[in-house]
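These notes concern the structure reproduced below.
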Amino acid sequence: MELFTKLKLLTDPNGASGDELPASNAAAELLRRYTDDVEIDAFGDVIGHISCGDENAPTVMLDAHLDQIGFIVTEITKDGFLRFTTVGGVDGRMLPDSELCVITRRHGIIHGIVGAVPPHLQKGLGKQTDAISMEDMTVDIGMTGEQARSVVSIGDYMCFSGSAMALQHDFVTSRSLDDRACFLCILHALELLKDKKLPVNLLICGSTKEEIGGNGAQYVAERFKPEYAIAVDVTHARTADAPEVTGELAKGPDVSIGFNSRPDFAEKVIETAKKHNIPYQVAACPGRSGTNAWSIQPAGVKTLVLSLPLKYMHSPVEVLRLCDVENTGALLAAVITDFDGRADK
Amino acid sequence: MKELLARLTEMDGVPGFEDEIRDFVVSEAQKHVQSVTVDCVGNVLCFKKGEKAPSSPILLTAHMDEVGFLIKDITKDGMLKVAPAGSIDPRVLIGRRLRVGKNKIPGIISIKAIHLTTPEERKKAPELKSLYIDIGALDREDAEKLVSIGDPAVFDTAFASLGVDCIKAKALDDRVGCAILLKLMEEDIPFDTYFLFSASEEIGCRGAINAVSTIDPGFICVVEGTPAGDVPDTPEHLYSTRLREGAAISLIDGSTIYSRALRDKIIARLDREKIRHQFKLRQTGGNDGAAMIYGTGAKVFGLSVPMRYIHAANSVAYLPDVEDTLSTARVFLEEAASENE
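Line order of the protein sequences matches chains A and B. The first sequence maps to residues 2 to 346 in our numbering. The second sequence maps to residues 26 to 366 in our numbering.
Written out as structure tokens, the structure reads:
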């Protein structure tokens, strides 16, 4: 199955932090191509084990989070509009007139449009350069108050809608590329490792709730206490409005160096990349990495952050290049096959 | 009506580039009317004979174009800068999918991640000049293989049902008007009538001017989409029109004072037949009624389907309001030139 097809299978289901199950099911299904030992825990974390045959060999955890940013319905107005709060970091400027999926507990998925101020009624309602506050936005689901109350419940989740779409060359746009595209990188690594003798045991994790603090990965790390972990997450790629960003598309996976992405581990990964001619980038990461590596590390794990460059992160139309997915998967596979257990010399 | 709206709204036609809609309208019209002409600015003017000739020509009009963009520039990184064709609030552009040019090349407009912004930055909406369409081109040369300066770009939105009896689509303004005219052209009508599918209304009501000066009508009905501000964050007195209250009838707007006598005559019929209608309460906006000054004088009736989030990728309307607007337009056809009181 080609990469774009697998990506769509992962990114098209909804799965905001705390409501990941549709995404977890899709991830588990794809993971079962590489191991029978796959479980989905009580929180929706997808956990897979691939044994190398030596129970004394170290375990390397490969983690990517499955949750995406989203919204929770807080109120149904008397006229049938929905007010909401955000789950994870949402820039409200993406919202006016956007289309959302409302995941109702009682009636399946319905759609809604986030209310936008009509230009003809601008007078007295602020300038076009003022961003509209999310507190002043509502979601229009095309129903009266009575109809809405019979379908939607307070606490129902909502996500940006939209299916993954190919642009030119190997560019792809979708919501939730952060971070399911990185779960795809892990799957690609497993594809490359199929039928190879592994020097280490693998713990594959598709974790939940990263966007609100990394709880899922934390539980899994505490439960299994792997010796090593690579958190595979997205990082920013330079755009015209973010010229100071060092990461770029098509330059390969980004290796972080700092407290949370161990410098000696990072050095080994860079050596591996050079040895196998895999393009890579490097990023300085002095403190908190903003990834699951931060919540995994306290379980006593030696962590590394390996990132996929991504444009327009946390928007409904994030953009990546599939060559970066392939190279990230290739580097993960090479790091595993070359693993000599001395990443922490 | 729903199927016709689905077809019409998924066609692309920014001002000056209405070909897709024009071709469809011409081929449909030819089945039902006596003459169809296309003029130098792309208007489609249809003439249909009725049971009798009116005292003065009757004109029913809707516009084919939708708001969108033209590609203004291609940056060295292969990003497309845009110039608006029609009035669009840049705040509805962020995170949108669009399609560019005849080959409908897919692209997106977005901005840098929230992590790279400050709370102060997030209080300001980016201006149009800082936004661009990203089609996944490697650089300018690569982009130029697929798109050119001057190419039109439209929102890439699918028509869909929404909630209960509502629909969402791009270009409801004014494909609803086009749909209503197409439906009426299929029927037997009391008076000879001109049906005008105008071009380029969104950039200043230009298309209709040519038609009006050609026909010199005595009675004009403009069938439009109009903003419904009935959402929770708008003060109620600024709603203008509301969904679920029927066809919106104009009093006065930025370009036209509507004929009171004609309006009263039509409303008397609507009340008798219990066809739901409301008034458009705000004086904002304009439409092809503006063209009436290019003839020797006409009574104008302004009729609209209320819709939320007009001039954006996803507009929302209530289907029964569309049917009420169709019924009201039919009453115009019957009453405008009649001798009834």
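All C-beta atoms in this analysis are idealised placements derived from N, C-alpha and C, irrespective of residue type, glycine included.
Which residue or residues does DSSP assign as beta-bridge partners of B:Ala168? Beta-bridge annotation (DSSP): B:Ala168 is not paired with any residue.
A:Phe172 (DSSP reduced to helix, strand or coil): Of the three classes helix, strand and coil, the one that applies to A:Phe172 here is strand, per DSSP.
Contact the stretch 186 to 197 of chain A vs the stretch 17 to 26 of chain A: 3+ CB pairs below 8 Å
These segments do not touch.
Residue closest to B:Lys77, alpha-carbon to alpha-carbon, out of B:Glu249, B:Phe216 and B:Ser284
The shortest C-alpha separation from B:Lys77 is found at B:Phe216.
Worksheet item: At what residues does the alpha helix (DSSP H) containing B:Gly322 begin and finish?
Response: First-last for B:Gly322: undefined, no H or E at that position.
- Among B:Phe222, B:Ile205 and B:Ile174, which residue has its Cα nearest to the Cα of B:Gly67? Per the Cα distances, B:Phe222.
Exercise for the section: Evaluate the contact criterion for the stretch 77 to 84 of chain A versus the stretch 251 to 259 of chain B: three or more CB pairs, one atom per stretch, below 8 Å. Expected result: At 8 Å Cβ cutoff, the stretches touch.
Practice item. State the beta-bridge partners of A:Ser296 as determined by DSSP. Key: Note: A:Ser296 is not bridge-paired with any residue in the DSSP secondary-structure output.
Q. Are the C-beta atoms of A:Gly71 and some chain B residue less than 8 Å apart?
A. Chain B, which has no Cβ nearer than 8 Å to the Cβ of A:Gly71, makes this no.
Requested in this report: Give the DSSP-derived three-state secondary structure of A:Gly125 in the structure shown.
Outcome: A caution first: A:Gly125 carries a pLDDT of 48, below 50, which makes its placement in the model unreliable, though a value can still be read off. Residue state, collapsed to three classes: coil.
CB contact below 8 Å: A:Thr6 versus chain B: Interface with chain B (8 Å Cβ-Cβ cutoff): A:Thr6 is excluded.
Kindly give me the distance between the Cβ atoms of A:Pro310 and A:Thr209, rounded to whole angstroms, as I take these residues to be in contact under 8 Å. Not a contact, Cβ separation roughly 24 Å.
Contact list for the stretch 38 to 65 of chain A against chain B, Cβ threshold 9 Å: The residues in question: there are none.
Item to check | Whether A:Leu185 touches A:Leu8 by CB criterion (8 Å) | outcome: Yes, Cβ-Cβ distance for A:Leu185 and A:Leu8 is below 8 Å.
Under 8 Å (Cβ pairs) to chain A, residues found in the stretch 152 to 170 of chain B
Under the 8 Å Cβ criterion, the stretch 152 to 170 of chain B contributes Glu152, Ser155, Tyr157, Asp159, Ile160, Gly161, Ala162, Leu163 and Asp167.
Just the C-alpha distance for B:Val325 and B:Gly175, rounded to the nearest angstrom, thanks. Straight-line Cα distance between these residues: approximately 35 Å.
Residue-chain proximity (A:Tyr158, chain B), Cβ-Cβ < 8 Å:
Not an interface residue.
>> Please give me, in chain order, every unbroken run of the alpha helix (DSSP H) with length at least 4 that falls completely inside the stretch 213 to 266 of chain B.
In response: Runs found: 231 to 240.
Once DSSP output is grouped into helix, strand and coil, what is the label at B:Leu287?
Note: B:Leu287 maps to helix in three-state DSSP.
Cβ contact (3+ pairs, closer than 8 Å) linking the stretch 222 to 237 of chain A and the stretch 37 to 51 of chain B
Judged by Cβ distances under 8 Å, the stretch 222 to 237 of chain A makes no contact with the stretch 37 to 51 of chain B, as fewer than three pairs qualify.
By how many angstroms is the C-alpha of A:Ile70 removed from the C-alpha of A:His315? If I take the Cα positions, the gap works out to 7 Å.
Notebook entry, point to check: What's the C-alpha gap between B:Leu276 and B:Gly250?
Noted result: Rounded to whole angstroms, B:Leu276 to B:Gly250 spans 15 Å at the Cα level.
TODO: Kindly indicate if chain A contains any beta-carbon less than 8 Å away from that of B:Asp258.
DONE: A Cβ of chain A is located within less than 8 Å of the beta carbon of B:Asp258.
**Asked** In terms of alpha-carbon separation, which member of A:Ile77, A:Arg94 and A:Asn261 lies closest to A:Gly347?
**Response** Only positions 2 to 346 of chain A appear in the structure, and residue 347 of chain A is not among them; the question remains open.
Problem - Per-residue DSSP class, three states only, for B:Ser81 - result: DSSP places B:Ser81 in coil when its eight states are reduced to three.
Identify the contact partners of B:Ile139 in chain A, using a Cβ-Cβ distance below 8 Å as the criterion.
Within 8 Å Cβ-Cβ: Gly90, Val91, Asp92, Met314 and His315.
I'd like to know whether the C-beta of A:Thr292 is nearer than 8 Å to at least one C-beta of chain B. For A:Thr292, the closest Cβ of chain B is not nearer than 8 Å.
Next item on the list: From the DSSP output, in three-state form, read off A:Val91 for me.
Entry: Coil.
| query | Along the chain, which unbroken stretches of the beta strand (DSSP E) at least 3 residues long are found entirely within the stretch 266 to 316 of chain A? | reply | Within the stretch 266 to 316 of chain A, the complete beta strand (DSSP E) runs of at least 3 residues are 282 to 285 and 303 to 311.
So, are the CB atoms of B:Gly271 and B:His302 less than 8 Å apart?
Yes, these two residues count as a Cβ contact at 8 Å.
_Out of A:Asp157, A:Val88 and A:Val39, which one is the CA nearest neighbour of A:Ile104?_
A:Asp157 is the residue among A:Asp157, A:Val88 and A:Val39 whose C-alpha sits nearest the C-alpha of A:Ile104.
Less than 8 Å between the C-beta atoms of B:Leu351 and B:Ile205, yes or no? With a cutoff of 8 Å on beta-carbon distance, B:Leu351 and B:Ile205 are scored as near each other.
Q) If you measure beta-carbon to beta-carbon, which residues of the stretch 151 to 178 of chain A are closer than 7 Å to chain B? A) Within the stretch 151 to 178 of chain A, the residues whose Cβ lies closer than 7 Å to some Cβ of chain B are Met166, Leu168, Gln169, His170, Phe172 and Thr174, listed in chain order.
Requested in this report: Could you work out which residues of chain A lie near B:Ala338, taking near to mean beta carbons separated by less than 7 Å?
Outcome: The contacting residues are Asp98.
Practice task
Flag this pair as yes or no: are the beta carbons of A:Leu333 and A:Leu307 separated by less than 8 Å?
Solution key: A contact, by the Cβ cut-off of 8 Å.
Report task. Tell me whether A:Phe44 sits in a helix, a strand or coil according to DSSP, three-state version. Result -> Coil at A:Phe44, not helix or strand.
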